[in-house]
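Colleague: Have a look at the structure that comes next, please.
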């Protein structure tokens, strides 16, 4: 949970554990599991792993926005290529509850993802069931339906809420390609915090994320001021997930030969990031970091000795550090139809389906083992250099390793 927790949050979780002792195993595994697993399995060249630390439930592919930077539903988004029936194919409430009951035995950290999770009418019931099974939960959402769902999420025991706001009124709509998206998102966030206060709950911890694009790169400080007025717990700048055609081609040459699949989803993240005003972005980041706010500041990739804003945008062939990926050892992602994927933003390599096999049989099954072995022996694929998970779930020495660089063509 390095990506979203601070010392203050750990204190809140500790107090939560005192009143909800059954959740302590889930909190402990989320807080300590990545480093323990990295040392126990990744560093010792194991192709199998212990129970997943995090289970990502991609509860739906459906979304009510068409954000310009989105690799799923943006102009080149990979979900645009799926048929309507495939988009609608989702686990039922009963199937979702049954899956939660299975994974609850090893106390993972459960992340609700989409698409837009709040489009599921039963999302409140699913969140509440996780809480009754003592599972710590988080959700990524665009916030358009938050006003209607706020009380349900707070009462259901959601642990963390990560909402999106990409700029002031007008800028946000241009990026999100959705009318009134600014007012709906801000209104929903205000309601969520109001409900939390009225019910005297410490959770969910609320984080607002702003993905930096050409359209909002001069509005970052302004957005921080807006978020500060809302009163959220954390404000985060996301420097963005993107790649190039050349890196996709190079990756597919490797993946087809080594593992028999192609990276189709990465095509949705082929975005032009040249021409970003690095100085303006850096100046605003410095101002945000140097000011006093009600929120705590975060950024993805995190600020480390290996991260550089100019290199991030202008040299996508370079990793921020050694490029070690431990994700297949710690995270499992279940797609809306029950498929189990290894990479959360680009779910092209499927290891099985939970409607046909037990999730833990899939977790250490042949396809997972083959993927882990390849990643450990050959390293990440060229297309992975800007994958958010690479830096949100880092190897503990990644930032001090020599920079890994791939050929652009």
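Residue numbers (this note's numbering): 1226 to 1634.
In this text, a Cβ means the ideal position worked out from N, Cα and C, and glycines have one as well.
These figures come from a predicted structure and were not determined experimentally.
Look at the alpha carbon of residue 1290 and the alpha carbon of residue 1374, and state the distance between them as a whole number of angstroms.
Modeller: Approximately 17 Å, taken between the alpha carbons.
Colleague: For residue 1362, which option in 1370, 1338, 1369, 1345 has the closest C-alpha, if you only look at C-alpha atoms?
Modeller: Of the listed residues, the one whose Cα sits closest to residue 1362 is 1338.
Colleague: State whether the stretch 1523-1542 contacts the stretch 1254-1264, with contact taken as three or more CB pairs (one from each stretch) at a distance under 8 Å.
Modeller: Touching, no, given that fewer than three Cβ pairs across the two stretches are closer than 8 Å.
Colleague: Quick check on this structure: which residue in 1350, 1310, 1359 has the alpha carbon closest to the alpha carbon of residue 1328?
Modeller: The shortest Cα separation from residue 1328 among 1350, 1310, 1359 belongs to 1359.
Colleague: Quick check: the Cα distance between residue 1422 and residue 1370, rounded to an integer number of angstroms?
Modeller: Whole-angstrom Cα-Cα distance: 19 Å.
Colleague: Going residue by residue through the stretch 1513-1540, where are the continuous beta strand (DSSP E) segments of at least 3 residues, counting only ones entirely within it?
Modeller: List check, beta strand (DSSP E) in window: 1521-1525.
Colleague: Taking contact to mean at least 3 C-beta pairs separated by less than 8 Å, is the stretch 1430-1439 in contact with the stretch 1591-1598?
Modeller: Counting Cβ pairs under 8 Å, fewer than three are found: no touch.
Colleague: Within the same chain, show all residues whose beta-carbon is closer than 8 Å to that of residue 1265, passing over the 5 residues directly before and after it, in chain order.
Modeller: Once the five neighbours on either side are set aside, the close Cβ partners of residue 1265 are 1271, 1275.
Colleague: Residue 1324 and residue 1349 look like a contact to me (Cβ under 8 Å); what is the Cβ gap, rounded to whole Å?
Modeller: Their Cβ separation, rounded to whole angstroms, is 17 Å, which puts residue 1324 and residue 1349 out of contact at 8 Å.
Colleague: Looking at residue 1466: is its Cβ nearer than 8 Å to the Cβ of residue 1611?
Modeller: Their beta carbons are under 8 Å apart, which means residue 1466 touches residue 1611 by this criterion.
Colleague: In three-state terms, what does DSSP make of residue 1408?
Modeller: Helix, per DSSP.
Colleague: Tell me whether residue 1432 sits in a helix, a strand or coil according to DSSP, three-state version.
Modeller: Three-state result, residue 1432: strand.
Colleague: In the structure shown, what three-state DSSP assignment does residue 1480 receive?
Modeller: Three-state DSSP puts residue 1480 in a helix.
Colleague: Please state the DSSP three-state secondary structure of residue 1377.
Modeller: Correct three-state label for residue 1377: helix.
Colleague: Tell me whether the beta-carbon of residue 1281 lies closer than 8 Å to the beta-carbon of residue 1556.
Modeller: It is a contact, given that the beta carbons lie within the stated cut-off.
Colleague: Please confirm whether residue 1315 and residue 1562 have their CB atoms less than 8 Å apart.
Modeller: Yes. Within cutoff.
Colleague: Could you give the DSSP three-state label for residue 1366: helix, strand or coil?
Modeller: Note: residue 1366 maps to strand in three-state DSSP.
Colleague: So, for residue 1227: in the same chain, excluding its five sequence neighbours on each side, which residues have a beta-carbon less than 6 Å away from its beta-carbon?
Modeller: Confidence at residue 1227 is low in this model, with a pLDDT of 46, below 50, so the placement of that residue is unreliable and no value is reported for it.
Colleague: Nearest chain B C-beta to residue 1558 closer than 8 Å, yes or no?
Modeller: Looking for chain B here will not work: only one protein chain is present.
Colleague: Using 8 Å for Cβ pairs, my map puts residue 1288 next to residue 1300. What's the rounded Cβ distance?
Modeller: Not a contact, Cβ separation roughly 14 Å.
Colleague: Bridge partners of residue 1575, per DSSP?
Modeller: According to DSSP, which records beta bridges pairwise, residue 1575 is partnered with 1566.
Colleague: On the DSSP bridge list, what partners appear for residue 1335?
Modeller: In DSSP, residue 1335 forms a bridge with 1280, 1362.
Colleague: Mind checking who residue 1559 pairs with in its DSSP beta bridge?
Modeller: Bridge partners of residue 1559: 1282, 1565.
Colleague: Thinking C-beta only, is residue 1334 closer than 8 Å to residue 1251?
Modeller: A contact, by the Cβ cut-off of 8 Å.
Colleague: If you draw a straight line from the C-alpha of residue 1239 to the C-alpha of residue 1523, how long is it?
Modeller: Looking at the two C-alpha atoms, the distance is approximately 21 Å.
Colleague: Do residue 1633 and residue 1472 have their beta-carbon atoms positioned less than 8 Å apart in this structure?
Modeller: Yes, the pair counts as a contact, with Cβ atoms nearer than the cut-off.
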